[in-house]
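A.B. asks: Attaching a single structure in structure tokens format; questions to follow.
There are 2 protein chains.
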Amino acid sequence: MPAMAEPISATITGKTRVLGILAHPTDHVKAPPGINAIARKRGRDAVMVPLNVAPADLPAVVAALRLVQSFDGAIVTVPHKQAILSLCDQISPEARAVGAANVLRREPDGRLVAGQLDGIGFLAGLRDQGIDVAGRRVHLSGAGGAASAVAYALAKAGAAVLTLNNRSRHKIEAMADEMRRTFPQVDVRLGDRDPSGHDIVINGTTLGMKPGDALPVDITGLRPGMVAAEMVMEPEITPFLAAARAAGCQIHLGHHMLDQQLQAMADFIGL
Amino acid sequence: MPAMAEPISATITGKTRVLGILAHPTDHVKAPPGINAIARKRGRDAVMVPLNVAPADLPAVVAALRLVQSFDGAIVTVPHKQAILSLCDQISPEARAVGAANVLRREPDGRLVAGQLDGIGFLAGLRDQGIDVAGRRVHLSGAGGAASAVAYALAKAGAAVLTLNNRSRHKIEAMADEMRRTFPQVDVRLGDRDPSGHDIVINGTTLGMKPGDALPVDITGLRPGMVAAEMVMEPEITPFLAAARAAGCQIHLGHHMLDQQLQAMADFIGL
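As given, the protein sequences belong to chains A and B, one line each in that order. The numbering used here puts the first residue of the first sequence at 20, with every later residue one more than the last. The numbering used here puts the first residue of the second sequence at 20, with every later residue one more than the last.
Next comes the structure, spelled out in structure tokens:
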């Protein structure tokens, strides 16, 4: 992701539009250099700065951001993704479906619109690598916010089969019910760790971030020609991807999602 | 002021400290490039962005800034200089004397400290040009916030005589009373437009900003060897300075105050 490593080189003036990243803490957040590089490439006079806000203080800070007329929007991340919803005036269908937002836009009148671009970013990342999900059979592990967002986006993009796999069964039962209601044309199945018979196998859990993590799927079910896609970004090659590569799958790295998501967030904020 | 024209070149990350300039509107504010250049020169990972806040919204925004843990402070300018005082926890003697602040610092616990550096910046600008006010007779026109701040700083720095001149007499009467109480060792006088008999003649009014403005003093009283100092920044050479130069005075430009004040503000905020 070369854009992330570039220094921004901008003259911030009184006319510069301000973007934030709402997080707590903010030390680890990775988006500002990427968004600032996008702003520069698009020729926009805008800059993203970290806004480190504790959960208890989020309502007061978000209420105040409505009043800052030079503020255009923010990326919203841990631990604010759920709490932000009740503080916004309008919530995108994706954010409503997932029960979380990861971006907000401030309209000129101060109204705040929340969006959820995890799924849109993930799909754009696949598309950017030449992978189309329409008509495909997809196996998805995980039932957290990011996985839910990806499930929603996969269904919306026309996946034929969507098989859900999660250690905690009741979460995917609820998720499957919700998906079937919203996307009756998609064959939503409750699956298990075996990805056999699918075209695209996605790890939407955090398994693989820590050494010694279990694998998200039974790798003996992986076959040549399958796409194995990761949502974990570090390490770049997770044990799941390494096993998938060894099994002859086409692998898809976690950072493609972030790359595309930053573009989608910039679009959403109006950058 | 070459530092003001330089682009900032920085990588803003999740660790970058955030500074603001509170104004309404913010389009015209000049401080961000200067402060950002100072941050870069000092090797500090901090960035100033414009915070455009209407007067009615100032209390809510300032209350929220206490809660933003990545925020270290702000320059405060028109129209918030007076209103900011009641929103801070601690007020510097200069800000209290002037009844206005132009900078605030956020302590790590969220407490806000207001400062007023117009006078300190003006004095530092004079000093930087080799002009010392200690023991000198100073003629000062104006009774607004900036002029009051300069009067306070002149007295504190040991001016022997401080003659106040203002079209509206009652303002300088109140100001003179206040100055005499705080600085009994200074000979504070109520003067008029005639600067005769002084060593340093300062325009602390806004006269000279607009074409056709009256002159702040009677220029027939200017003599070679006097210092004529301006607080107006644009135009660089005001009619007052042009007349003073023609009369053989040493002239002192308005922007010296801003240059030094930015350094003083950076110091105050802890940059």
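For each residue, glycine too, the CB sits at the ideal point set by N, CA and C.
Find the nearest neighbour of Glu249(B) within the set Cys268(B), Thr239(B), Asp91(B) and Arg125(B), judged by alpha-carbon distance.
C.D. replies: Of Cys268(B), Thr239(B), Asp91(B) and Arg125(B), the residue nearest in Cα terms is Cys268(B).
A.B. asks: Taking the beta carbon of His47(B) as the centre, do at least 16 other beta carbons fall within 10 Å, making it buried, or is it exposed?
C.D. replies: So His47(B) ends up on the exposed side.
A.B. asks: Give the residues of chain B in contact with Val95(A), contact being defined as C-beta atoms less than 7 Å apart.
C.D. replies: Correct list: empty, because the minimum Cβ distance to chain B is about 14 Å.
A.B. asks: Quick one: using the 10 Å Cβ neighbour count with 16 as the cut-off for buried, is Ser187(A) buried or exposed?
C.D. replies: Ser187(A) is exposed by the Cβ-count criterion.
A.B. asks: Flag Ser89(B) as yes if its beta-carbon sits less than 8 Å from any beta-carbon of chain A, otherwise no.
C.D. replies: Judged by the 8 Å Cβ criterion, Ser89(B) is in contact with chain A.
A.B. asks: Check whether the Cβ of Gly62(A) lies closer than 8 Å to any Cβ atom in chain B.
C.D. replies: Not one chain B Cβ lies under 8 Å of Gly62(A).
A.B. asks: When the distance is taken between beta carbons, is Gly154(A) closer than 8 Å to Ala179(A)?
C.D. replies: Closer than 8 Å, so yes.
A.B. asks: What residues of chain E sit near Lys100(B), judged by a beta carbon separation below 8 Å?
C.D. replies: The structure shown contains no chain E; its protein chains are A and B.
A.B. asks: Identify whether Ala261(B) lies in helix, strand or coil by the three-state DSSP scheme.
C.D. replies: Helix at Ala261(B).
A.B. asks: Here's the rule: buried if 16 or more other CB atoms are within 10 angstroms of the residue's CB, otherwise exposed. What is Thr239(B)?
C.D. replies: Its Cβ having fewer than 16 others within 10 Å, Thr239(B) is exposed.
A.B. asks: What residues of chain A sit near His275(B), judged by a beta carbon separation below 9 Å?
C.D. replies: Chain A residues near His275(B): none, gap ~21 Å exceeds 9 Å.
A.B. asks: How many angstroms separate the CA atom of His189(A) from the CA atom of Leu183(A)?
C.D. replies: Taking the straight line joining both Cα atoms gives about 11 Å.
A.B. asks: Within 8 Å (strictly less), CB to CB, does Lys34(B) reach chain A?
C.D. replies: With 8 Å as the cut-off, Lys34(B) counts as an interface residue toward chain A.
A.B. asks: Mind checking if Thr30(B) is an interface residue toward chain A, Cβ cutoff 8 Å exclusive?
C.D. replies: Yes, Thr30(B) lies at the interface with chain A (some Cβ there is under 8 Å from its Cβ).
A.B. asks: Rounded to whole angstroms, what is the Cα-Cα separation between Glu253(B) and Ala174(B)?
C.D. replies: Cα to Cα, the separation comes out at about 27 Å.
A.B. asks: Using CA atoms only, rank isn't needed, just tell me which of His43(A), Ser89(A) and Pro51(A) is closest to Ala75(A).
C.D. replies: Taking only the C-alpha atoms, the option nearest Ala75(A) is His43(A).
A.B. asks: On the three-state DSSP scale, how would you describe Arg125(A)?
C.D. replies: Three-state DSSP puts Arg125(A) in a strand.
A.B. asks: Looking only at its chain, what residues have a beta carbon closer than 8 Å to the beta carbon of Ser89(B), apart from the 5 residues adjacent to it on each side?
C.D. replies: Correct list, in chain order: Thr35, Arg36 and Val37.
A.B. asks: Taking the alpha helix (DSSP H) that Ala40(A) falls in, what are its first and last residues?
C.D. replies: The amino acid at residue 40(A) is misidentified as Ala; the sequence shows Ile. Premise fails: Ile40(A) lies in the beta strand (DSSP E), Arg36 to Ala42, not in any alpha helix (DSSP H).
A.B. asks: Please name the residue, chosen from Leu159(B), Lys60(B) and Val66(B), that lies closest to Asn222(B) on a Cα-to-Cα basis.
C.D. replies: Answer by Cα proximity: Leu159(B).
A.B. asks: Going along the chain, which residues of its own chain have a beta-carbon closer than 7 Å to the beta-carbon of Arg85(A), five neighbours each way excluded?
C.D. replies: Excluding residues within five positions, the ones whose Cβ falls inside 7 Å are Arg125, Gly129 and Leu131.
A.B. asks: Only counting runs of 4 or more residues, tell me where the alpha helix (DSSP H) segments fall wholly within the segment 87-145 of chain A, in order along the chain.
C.D. replies: Runs found: 112-117.
A.B. asks: So for Met67(B), helix, strand or coil by DSSP?
C.D. replies: Correct three-state label for Met67(B): strand.
A.B. asks: Give me, in chain order, the residues of the same chain whose beta-carbon lies closer than 7 Å to that of Asp211(B); leave out the 5 immediate sequence neighbours on both sides.
C.D. replies: For Asp211(B), where only same-chain residues beyond five positions count, the Cβ hits under 7 Å are Asn184.
A.B. asks: Return helix, strand or coil for Gln280(A), following the three-state DSSP convention.
C.D. replies: Helix.
A.B. asks: Could one say the Cβ of Asp76(A) lies closer than 8 Å to chain B's Cβ atoms, at least one of them?
C.D. replies: Yes, contact with chain B.
A.B. asks: Between which residues of its own chain and Gly118(B) is the CB-CB distance below 6 Å, once the five residues before and five after are set aside?
C.D. replies: Here the set comprises nothing.
A.B. asks: Distance, Cα to Cα, Pro230(B) vs Lys60(B)?
C.D. replies: For Pro230(B) and Lys60(B), the distance between alpha carbons rounds to 37 Å.
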